[in-house]
Every structure is written in C-alpha cells, then in structure tokens.
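J.:
Number of protein chains: 2
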Amino acid sequence: MSDNKKIHFSTKRSWSHDLPISFLMQQGVENPDVLSLAAGLVDQNSLPVEITKKSFEHLFSNQQSAKEALQYGTTAGSLPLRSLLLSHLETLEQKSAEELGITEDNIIVTTGSQQYLSLLGEVLLDPEDICLVAAPTYFVFLGVLQGLGARIISVETDESGMRMDSLEATLAMLESQGQLNRVKLIYLVSDYENPSGLSLSQDRRQQVIQIAQNWSKQQRILILEDLAYRELCYDGPVVPSIKSFDSTGETVILTQTFSKSFSPGLRVGFGVAPVEVCAAIQDKKGNDDFGSTNMSQHILATALHQNWYYDHVDNLRAVYREKRDCMLQAADRHFSKLPGVHWVHPNGGLYVWMTLPETIETGFSSPLFQTAIHEEKVMYVPGELCYAIDQGLSGTEQSPVQKNHMRLTFGVQNLEGIQEGMKRLANAVKSFI
Amino acid sequence: MSDNKKIHFSTKRSWSHDLPISFLMQQGVENPDVLSLAAGLVDQNSLPVEITKKSFEHLFSNQQSAKEALQYGTTAGSLPLRSLLLSHLETLEQKSAEELGITEDNIIVTTGSQQYLSLLGEVLLDPEDICLVAAPTYFVFLGVLQGLGARIISVETDESGMRMDSLEATLAMLESQGQLNRVKLIYLVSDYENPSGLSLSQDRRQQVIQIAQNWSKQQRILILEDLAYRELCYDGPVVPSIKSFDSTGETVILTQTFSKSFSPGLRVGFGVAPVEVCAAIQDKKGNDDFGSTNMSQHILATALHQNWYYDHVDNLRAVYREKRDCMLQAADRHFSKLPGVHWVHPNGGLYVWMTLPETIETGFSSPLFQTAIHEEKVMYVPGELCYAIDQGLSGTEQSPVQKNHMRLTFGVQNLEGIQEGMKRLANAVKSFI
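Note that the protein sequences, when read in sequence, are chains U and S.
Going by this note's numbering, the first residue of the first sequence is number 1, and it counts up by one from there.
Going by this note's numbering, the first residue of the second sequence is number 1, and it counts up by one from there.
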C-alpha cells in the first residue's frame, strides 16, 4: 500500500521526542489514586471565579467592548492591555516606564510566558548555539532548548542563585574552545526559581548584566529573565528585577505570566525586549498564530484596570504562604530525623526543593520513584530533569547532573493533601535510608 | 559600549522578514480613512455576543466548571471539546466517526487553525523540503512555509480548483529532477479558497488522494486540507471533504477553525491527523505553549453542546450571503462595462477574486494600489501575494505569478461600506483602462 509509506518528519521533530512533562502527565493519568506533589497546576480553590465573572460581565455589558473581545486582535496583543502591563511593571519595579526605558512597543502578549520563551528561542537560536542556565533550572525550558537543537550549558548555583564566578569561568572556557561566538543567551529565573525556590541576590542581578556586556565580544549576549513567580512572594525581601538594572535596555529580556498569579486557563503571558527582538518575535508569532486569544486579554485587562487583579494577588499570597508553611512543617515532622535529608525554605513561588543522601537516586526508573508511585501513591518531580547535560563538554568542565533531589510543589494540593503527601513520601524515602 | 554589540538572530529569523500581512496592517493603521476591502476581519455586527454571554454564564453558574476553565488544560486540548468536535465533524461529513476512522485522539486543539498549519509545518518540513500549493492560495500559509525555509511550488488551477493533470506533471518533473523525496505536502483550501473563492470539485477530491498515494514512492506525501471556510456556504452544492474519501486515514490531514463561523477572538481551531502526526504536533506544542487558552475552549464547548453554535451559523450564512450578493451586484454595477475585468462568483467564504486586464498590475508599488489607497481611499489585497515563486525551478516549469488580480472581501464592511468601496475601487481602476 503506497499510503503506508513512512512519514518523513523534520529533523527537529526528533529533538522534541519523549519530553519528561509528557511522561509525568501520563503517570498522573495512569495512576489516578496517586497524590501528586509533582503537578504544576495552581491552587484550585483560590482560582478567581468571581473576579473573572465580574470582568466578563463588565466587558459584555457593552456591545462595543464585547465585540472587540470577540473580533481578531493584533499579533503583538491588545494595546490597552499592553498599556496596563506597562503600569503593572511600573508598580512592580517602583520605577516609571521612562526610567525603565520601555513603552508599549517593547511588550508582546503571548499564550502564557511559555510561548514567549519558545518564540525567543526560535528567533535567536540556531542548532549548536549556546544558552547558559542555572543548575538546576526550569525543566520545560530545557525541553524548548533541546527542541531547537541548542547547546545547554549548566552553571553552578548556591543559595544566592547562579554563581557569578562560575558563570565567568564557563564563559572563559567557551572562549578558549572558540565557542564564545555561539553564546546567545543566559537564562535566569531570578525570583523563587522553579525548582529550587532560590532567588538571585541583588548584587548578582547587577553583576550579571556587567558580565553579559563584558563577554559580548563578537555578538550580544542577552539575558532572558523569567519572572513567572515574582508576584508570589510570601516573606523575605522583594528584590528589583535584573531588567530594572539594565540601564541601556539592550541586554535584558524579561518575561512574566498571569498563569500563577491569576489564572492559567486564560493563558496570558508577556515579554519585554528591545524593539528589534520584538520585531523578530512578532514576525514569528505572525506565522504561528497571528495573536493569542483576544477574549482572555480583554478579561485580564478589565481585571487589571478595575484593580480587582491586585486584590486577588493579595489574597493569593496568604493562601500560598499557608500552604508553603504547611509543607515546611510537614517536612520538619517527617523528614528532619532522616540523616542527609535537607530542603530549601523558599520565600515565594510554589516549590520546595529537597535533597536526599547522594546514594538515593530519585529518577523515573529509580526504586524510590517506583516505590513512591506504586506503593505509597505519591508523586514528585525527579530533580535530575532540571539539570542539562552538554555533549560537547567533558565531565570535568560542567556542573554535574545531581540525581538525589526532588521538586515538591504545594501549589495544587490542599493542606490535608500536602500533609498526607509528605507523610507518604517520607515513608517511601525511609525504606531506602 | 559592549552592550551595543549586534544581536545575532537565528538563520530562520531572516526567512520571516517583511511579511505582506504586516505591510497590509500597517497601511490600515497609517490610513485610517481608507475603506478596507482587504482586512481579513469577520463581520462585526454578527459577532456572537449573546451566545458567548449565555455560554459563559452557563459555565460560571457552577464553581466546578468555572474552575476547570480557569485551571491549566492539556496540550492536546480539552477532552470534552474534542468529543464535541468529533460529533461536529460527523454532522458536517454526514458520516460516523467510525466511518471516518477517527477518535478524539486524532484531534488537537490549537490557537486558530493558523497554529495548526504552523505546527504541522514545523514537524514535517526541513529547509528545502517541498510543499505543493494551488496558484493562487492563502498567502499567510505561504509566509509560514517561507519562514520554515521550505520550497513552495505552485500548481495551476481552473474553475474546479487545483488541476490534477498539472499536479501530476509537477510531481513528474520533480521526480525527473531527483526531488520527489523532498515532496512532503500538498496544501489545499478545498472549500471557497482564500483568495479565489473556488472549491475543489468532488472528483478531484478523490483523485488527489490517489495521486498523493501513487507518488508516495519513497516517503509519504501528505495532503493538508484547510477547511477554514467550509461552514460559510451560501449556495451551490456542499461537497464532502477530501478527508472523508481517505479510506485508510493515512493520507489527509484536515484543519478547521471557529474564527470565521463563530469568533476569531476566542482563537479556537483544530486539526485531525494520523496519531503519529498528532504525537509530533503535541510534542512541539508542548514546548511552544503547552495548550491553547482553556477558557475559550470551554466557552466554545458550551456553545456547541447547547446547539447555540449551530443556530448562530445558520444566521451567519444569511448575513454573509447578503453581503456577498451586495458585492457581486456592486461589481456588476461598477465593473461590468470595463473591458477585460471579470470576477468569480463564490458559493461561500469571504472573498471575491477580481481579474483586471493583464496590463494593469495590482501590487503594493503599482500605480493602481497607490491611487486606490491615497486618492480613492480604498484598499484591497494584491493578488500577486497569493502566488509562490520557487527559485529552484526555471520560469517555464512553474505556474507564473499573476500580477493583475485583486482579492476583495465582503467580510468586514457593512452593505454601505461594500457598495462605497466597490465604487471607489472602480474609479481607481477606470483611470488605468
């Protein structure tokens, strides 16, 4: 049968096979009785039902504004929303748009910040181009980079985030290998990193710009700052973004989302970049979808304009602070007596990063993961997914993949679920200590 | 200043520069007093304000369903929506899903059908791979193909759509040039093609499957059937899709959208494909945005489930039929006495394709376009944008770019606007005859 001839997919299709996120979701589906401390969903109870309703009703109380929401928008996103995003950034940064050196023209609205990350990768990275990331870092972005055929090189971190001495050492090594001209991007989740919960210290936020600029010897090295969690701050200092220190506005690209702070179902994120980067992203997005859902943008713009959004975020912080405390207390209760087990106390975000003794691996095929999922009925994200390995470097040149961590989230479970999940997880871990 | 070093964009970024759609939109913005017969917006008055309101209220009358719409969905799209899409296709095809050989697993929901077209291109086409298209065809898809570095080869059309003898001749020529193994896709807008308004005849719908299968000598040649306009049928026969004739389900990929028949602001489209193609698209979409707006999907699912959608489409057909008739009458009134001017009577869709004498060019830089936009204050889409040129073929081997056509749409203007626009356009054309 001629119609059974094989389909020849594109070369890059093979680079995005077997994504860990798909495996994780599959595990969730196949094991519905498992209590998930892995799923990246947000808290179900606090989803903004009433605010969304009020915003929708406001929008649809007027034929004109209803029809604008139902008609095509523009590729870059609704201009009124982009104006509100500018004010939103002014509030978050405590600086005027002028001081920040940005206008609406620097902003593009996307389907979650995920689409912004992906579009930026598409317009910037050729196969074998290099992106530097923290070890560990957001594993879904590692998938994006892998799907583009990029080289991902990990840089060591400590409790203040990516180490600047390690970053410089990595850049020096790449220069000595004749690869500095392939370094396009430094990716940083500067507030409450997924998965580690750590934030980049203020002095490093200033240093990293200087480093990127100093090492831009042949081409510009851009910093991609992912602030998905910035509004989910529970205690500790609120630090200005890396972007806010970028005095010329030419080095840092910032992306944020309303998925964590409002509703992931609306899928509204955005990014701020120099205009030539915006033009490139807009051209690619023009081909990809010529604009994200206009309706969502109008609902969110209404919630922002009416200040309902800000009331919601205040409440949400209290909700997540309680859930974070609950997870930390459960960690104390169940894990503190286990030798070699420790964890990060995050000041914000959705994750607790737990370290086990080096002998206990946590990966999908590890005995611990299997015991957790099949016997104790609890699931976590194996920490090793959050480390990149670069095939072009020797073992001694890169930050090694660490196999003894777990990413735990307090996002989706309620307080009882968190307590029960942590108890089950401790039982699983105990059988290996 | 080291931070002023040049940004090195990816190679493919240069392939999506200067898209005509951006130029057209820019013209619209810069000339706000211009009456547009170009803009691809849908009719503003008939946008489904009341149905969307009812659907939203229905969804938000229940905390559980409201929260589902506000939470993350899945990459492939809401399962209840995909079930409704299956029934929707059964209705449109007058065949059961079993007869069509498809289940929910063959369906992926996207941000308009545009994202489906783009994702399919990404997973299928390497630079220099070949896609065969009708001359003329949907120019935004030409932009997608160009952005992927693909070769686009035009096949001659007549009043029954793409000519099957020309298709075979093109395949034979490519085989003789050793390029048959690079042919991955045949793209067909089978109902009321944008821009020509023509439909592919039923016998050709069957033949094209046979041709694709016969020429799948080294790898499978897939047919991408874009049925964006299928529900906007005003008169003439309703012909089953190419997909409905694909007995093994291995040759045709079908995509549709609710942007034309319901609301582009919701940005909901979908595609139907063999499962291995779905897996590839899902992996890419997982990296790109891990799911289109969930809220839009839930609103649309409610409108479909309550049958409100179908009532709307019935009304919409009457609205557009009247507008089409209005444009055709205005064409008769203002153009019928102009020698060498003729146009297609479309049985559906949103476009009237008008041909001028060969000596009158219609492109952006042509005297006609400049006169139309600056003096008569009316805008159309130059037909030449809808023709591809392949650099690898000699002039004698390909269907030539025709420069004397205009795509006129009756979508966005009301009846007065259509009449006035056609009058202005005729004035512009007259000055060149």
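Yeah, the Cβ is synthetic: ideal placement off N, Cα and C, and Gly gets one too.
Computed from a predicted model, the values in this text were never measured in an experiment.
(1) Given this structure, state the Cα-to-Cα distance separating E375/S from V42/S, to the nearest angstrom.
(2) Relative to the alpha-carbon of A273/S, which residue among R163/S, T103/S, M379/S, S394/S has its alpha-carbon at the smallest distance?
(3) Confirm, please, whether the CB-CB distance from A212/S to I186/S is below 7 Å.
(4) Along the stretch 278-292 of chain S, what residues have a CB closer than 9 Å to any CB found in chain U?
(5) At a Cβ threshold of 7 Å, is Y72/U touching chain C?
(6) Does D126/U come within less than 7 Å of chain S when only Cβ atoms are used?
(7) Thinking A97/U and M379/U are a contact (beta carbons under 8 Å), I'd like their distance in whole angstroms, please.
(8) How close, in whole Å, do the beta carbons of A134/U and L188/U come, if the pair is a contact with beta carbons under 8 Å?
(9) List the whole-angstrom C-beta distance separating R204/S from S166/S, where the pair is believed to meet the contact cut-off of C-beta under 8 Å.
(10) Can you find a C-beta in chain U that's less than 7 Å from the C-beta of S216/S?
(11) Among M406/S, L304/S, H334/S, V319/S, which one has its Cα closest to the Cα of L59/S?
(12) Tell me, please, whether the CB atom of T137/U is closer than 7 Å to any CB atom in chain S?
(13) Give me, in chain order, the residues of the same chain whose beta-carbon lies closer than 8 Å to that of Q71/S; leave out the 5 immediate sequence neighbours on both sides.
(14) Here's the rule I'm using: 16 or more other beta-carbon atoms within 10 Å means buried, otherwise exposed. How should S78/U be labelled?
(15) In the structure shown, what three-state DSSP assignment does D3/S receive?
(16) If N347/U and S199/U are in contact, beta carbons under 8 Å, what's the gap, nearest whole angstrom?
(17) Starting from the N-terminal side, write out each stretch of the beta strand (DSSP E) that is 3 residues or longer and does not extend beyond the stretch 186-229 of chain S.
(18) Does G265/U come out as helix, strand or coil in the three-state DSSP assignment?
(19) Report the rounded CA-to-CA distance for W308/S versus H88/S, giving the unit in angstroms.
(20) Count the CB pairs spanning the stretch 309-321 of chain S and the stretch 254-263 of chain S that are closer than 8 Å, and state whether there are at least three.
(21) Secondary structure at D158/S, three-state DSSP: helix, strand or coil?
(22) Quick one: list the residues of chain U neighbouring M52/S, beta-carbon separation under 7 Å, in chain order.
(23) Pairs of beta-carbons, one from the stretch 397-407 of chain S and one from the stretch 350-368 of chain S, closer than 8 Å: are there three or more?
(24) Using a Cβ cut-off of 7 Å, pull out every chain U residue sitting near F56/S, in sequence order please.
(25) What are the start and end residues of the beta strand (DSSP E) that includes H374/S?
(26) If you draw a straight line from the alpha carbon of V155/U to that of Q210/U, how long is it in whole angstroms?
(27) Starting from Q256/U, follow its DSSP beta bridges and name the residues at the other end.
(28) Does the beta-carbon distance from L47/U to K67/S come in below 7 Å?
(29) Reducing DSSP to helix, strand and coil, say where H345/S ends up.
(30) Return helix, strand or coil for A169/U, following the three-state DSSP convention.
(31) So L120/U packs on C131/U, CB below 8 Å; how close in whole Å?
(32) What residues in its chain sit with their C-beta under 7 Å from that of T371/U, if we drop five residues either side in the sequence?
(33) Would a check of beta-carbon distances place R424/U closer than 7 Å to chain S?
(34) Quick check on R182/S - is its C-beta less than 7 Å from some C-beta in chain U?
(35) Below 7 Å on C-beta distance, what does V123/U contact in chain S?
(36) Between R163/S and E420/S, what straight-line distance do the alpha-carbon atoms span, to the nearest angstrom?
T.: Reading it off the structure:
(1) Pairing E375/S with V42/S, the inter-Cα distance amounts to about 26 Å.
(2) Of the listed residues, the one whose Cα sits closest to A273/S is T103/S.
(3) One thing to note: I186/S has its Cβ within 7 Å of the Cβ of A212/S.
(4) Within the stretch 278-292 of chain S, the qualifying residues are A279, A280, Q282, D283, K284, G286, N287, D288, D289, F290, G291, S292.
(5) Of the chains in the structure shown, none is chain C; the protein chains are U and S.
(6) Chain S contact via Cβ: present.
(7) Not confirmed; about 43 Å, so no contact.
(8) A134/U to L188/U, Cβ: 7 Å. Contact.
(9) Taking C-beta atoms under 8 Å as the contact rule, R204/S and S166/S fail to qualify, at a distance of about 11 Å.
(10) Yes, its Cβ sits closer than 7 Å to a Cβ of chain U.
(11) The residue with the shortest Cα to Cα distance from L59/S is L304/S.
(12) Cβ-Cβ to chain S under 7 Å: no for T137/U.
(13) Around Q71/S: N294.
(14) S78/U comes out buried.
(15) Unreliable placement is indicated for D3/S, whose pLDDT of 46 sits below 50; no coordinate value is reported for it.
(16) With a Cβ gap of about 7 Å, N347/U and S199/U count as contacting.
(17) The stretch 186-229 of chain S contains, as complete beta strand (DSSP E) runs of 3+ residues, the segments 222-226 (chain order).
(18) If DSSP states are grouped into helix, strand and coil, G265/U belongs with the helices.
(19) Approximately 13 Å between the Cα atoms of the pair.
(20) With the rule of 3 Cβ pairs closer than 8 Å, the stretch 309-321 of chain S counts as touching the stretch 254-263 of chain S.
(21) Three-state DSSP puts D158/S in a strand.
(22) Note that residue 52/S corresponds to Thr in the displayed sequence, not to Met. Those within 7 Å of T52/S in chain U are L70.
(23) By the Cβ rule, the stretch 397-407 of chain S counts as touching the stretch 350-368 of chain S, because three or more pairs are nearer than 8 Å.
(24) Neighbours of F56/S on chain U, chain order: F56.
(25) Unbroken run through H374/S: none, as it is neither H nor E.
(26) In this structure, the alpha-carbon of V155/U lies about 17 Å from that of Q210/U.
(27) Beta-bridge pairing links Q256/U to F270/U.
(28) Yes, they are a contact pair.
(29) Assignment of H345/S by DSSP, reduced to helix, strand and coil, places it in the coil class.
(30) DSSP places A169/U in the helix class (H, G or I) of the three-state scheme.
(31) Between C131/U and L120/U the Cβ distance is about 10 Å, and since that is not below 8 Å, they are no contact.
(32) Answer for T371/U: A428, S431, listed in chain order.
(33) False, the Cβ-Cβ gap to chain S never drops below 7 Å.
(34) No, R182/S does not count as interfacial toward chain U.
(35) Going along chain S in sequence order, the residues near V123/U (Cβ under 7 Å) are F9, S10, R13.
(36) Computed Cα separation, rounded: 36 Å.
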